[in-house]
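Residue numbers (the numbering used here): -7 to 275. One structure is given below, encoded as structure tokens.
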Amino acid sequence: MLFLILSILCSVTVGVLFKVARRYTISITQIVATNYVLALILCYFFFSPDLATVTAQAPWGIYIPLGILLPSIFLFLAASIQHMGIVKTDAAQRLSLFIPILAAWLIFGEQFNTLKITAFLIAFPALLLILTKPSDNTENKWVYPAVVLVGFGLIDILFKQIALYTNLPYTTSLFVVFGIAMAIMLVVISVEIRYKKRKLKYQSILFGALVGLFNFGNILFYLKAHQSFAENPSTVFAGMNMGVIIIGSLTGIFVFKEKLSKMNFTGLFLALIAIVLIVMSQR
């Protein structure tokens, strides 16, 4: 249980760091780039990937789009937290679990039971209620959490496809994907420095290192939690998604004073119910 709690706290802390970063004049792209540099280093030392096994036969058709998608959605995640808050962003990110479930039904022909159908019928209005703006908020940049939801759903589908490729250890594939993401972000940073005359800022590097530390911690503890609950993975699945929504909501409301309407609270409650139904459907 300790690993699951640590994974939840690491996930929420990433959102907190992006929220705090808004108070400083820093570069989000530099934060995301540094995040992947540190995550790659930690991945190498903790997982000891065997790069000699990565050949031309590796699933590069999955690695490359995933390596592009990860930093892209991370940038939208940061923008969503800054514009829409931790509460709505975390909820949207966790509701993204319905994207791969929907794909399993539409693409792979997986049969839906009553619980899954009920969960979907609850999840969609939950999302609409969560993203509804408070009456005193003249801006509602719902596109950011919407992209986060779809993006993380697609990322989840691609990671599941990697998990099915058993010729390489999952952690080695994770290292390769992190490497691609890091390379892309370093190119972006180089273009910004060369053509937009932006300078590297130590604040951005510091925040990026912290984001990378907690982002990797989230992954490490989540994998360890699954090892600890090997006979009951649904416990980890439910605990992670519900824990992030609850802890993230409490953090946003009480620490950052994010304003939520009654409809937003209703949406969060429905989202938790939908997640519980999905877990029950998989037992």
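Backbone N, C-alpha and C fix where the C-beta goes; we use that ideal spot for every residue, glycine too.
C-alpha gap between residue i and residue j, whole angstroms
i      : j       : result
Lys306 : Tyr16   : Residue 306 falls outside the range modelled here, since the chain spans only -7 to 275, and no answer is possible.
Ile99  : Pro92   : 10 Å
Met272 : Pro63   : 32 Å
Ile181 : Gln103  : 45 Å
Ile237 : Tyr187  : 40 Å
Phe221 : Ser253  : 37 Å
Asp42  : Tyr162  : 11 Å
Met234 : Lys189  : 43 Å
Lys152 : Leu215  : 14 Å
Ile176 : Ile270  : 35 Å
Leu212 : Val139  : 25 Å
Asn224 : Phe(-5) : 15 Å
Lys191 : Thr124  : 38 Å
Tyr136 : Gln74   : 10 Å
Lys193 : Val179  : 17 Å
Ile54  : Ser40   : 21 Å
Trp134 : Ser196  : 26 Å
Ile56  : Ser226  : 29 Å
Residue i - containing alpha helix (DSSP H), residue span
i       : result
Arg86   : 78 to 87
Asp42   : Run containing Asp42: none; DSSP gives neither H nor E here.
Leu143  : The residue asked about is misnamed: residue 143 is Gly in this sequence, not Leu. Start and end: 135 to 156.
Met(-7) : Run containing Met(-7): none; DSSP gives neither H nor E here.
Gln103  : No alpha helix (DSSP H) contains Gln103, which DSSP labels as neither H nor E.
Val180  : 162 to 187
Gln219  : 194 to 220
Sequence-distant residues of the same chain with beta carbon closer than 8 Å to residue i, five excluded per side
i      : result
Val46  : Leu160, Thr164, Val168
Val247 : Val8
Leu276 : Residue 276 is absent from the model: the chain starts at -7 and stops at 275.
Trp4   : Checking the sequence shown, residue 4 turns out to be Val, not Trp. If we look at Val4 and ignore the five residues flanking it on each side, its Cβ neighbours are Ile78, Asp82, Val236, Ile239, Gly240, Thr243.
Which listed residue (the options) has its alpha carbon closest to that of residue i
i      : options                        : result
Cys35  : Phe206, Asn233, Ser72          : Phe206
Ile265 : Lys152, Arg86, Phe221          : Arg86
Tyr28  : Ile(-3), Gly231, Leu202, Ala84 : Leu202
Phe261 : Ala111, Gly101, Pro57          : Ala111
Ile267 : Gly240, Ala217, Ile245, Gly231 : Gly231
Gln274 : Phe229, Leu1, Gln22            : Phe229
Ile0   : Thr243, Glu250, Thr258, Phe257 : Thr243
Asn256 : Pro117, Thr106, Asn105         : Pro117
Leu120 : Gly101, Lys80, Ala155          : Lys80
Gly204 : Ile(-3), Cys2, Leu(-2), Thr227 : Cys2
Gly200 : Ala44, Phe66, Ser88            : Phe66
Trp52  : Ile154, Leu30, Leu198, Glu184  : Ile154
Heavy atom of the ligand MN within 8 Å of residue i beta-carbon
i     : result
Gln22 : Looking for the ligand MN in the displayed structure turns up nothing, as the structure carries no ligands at all.
Same chain, Cβ closer than 7 Å to residue i, five either side skipped, listed in chain order
i      : result
Val12  : none
Ala173 : Tyr28, Gly59, Leu62, Pro63
Phe38  : Leu212
Thr258 : Leu121
Ile147 : Leu58, Leu61, Leu62, Ile65
Ala217 : Phe(-5), Leu(-4), Ser(-1), Val228
6 Å Cβ shell around residue i - same chain, five flanking residues per side excluded
i      : result
Ile149 : Pro92, Ala95
Phe90  : Ala115
Whole-angstrom C-beta distance between residue j and residue i, which should lie under 8 Å
i      : j      : result
Ala70  : Ile20  : 5 Å
Phe68  : Gly143 : 6 Å
Ser88  : Leu141 : 5 Å
Asn210 : Val6   : 7 Å
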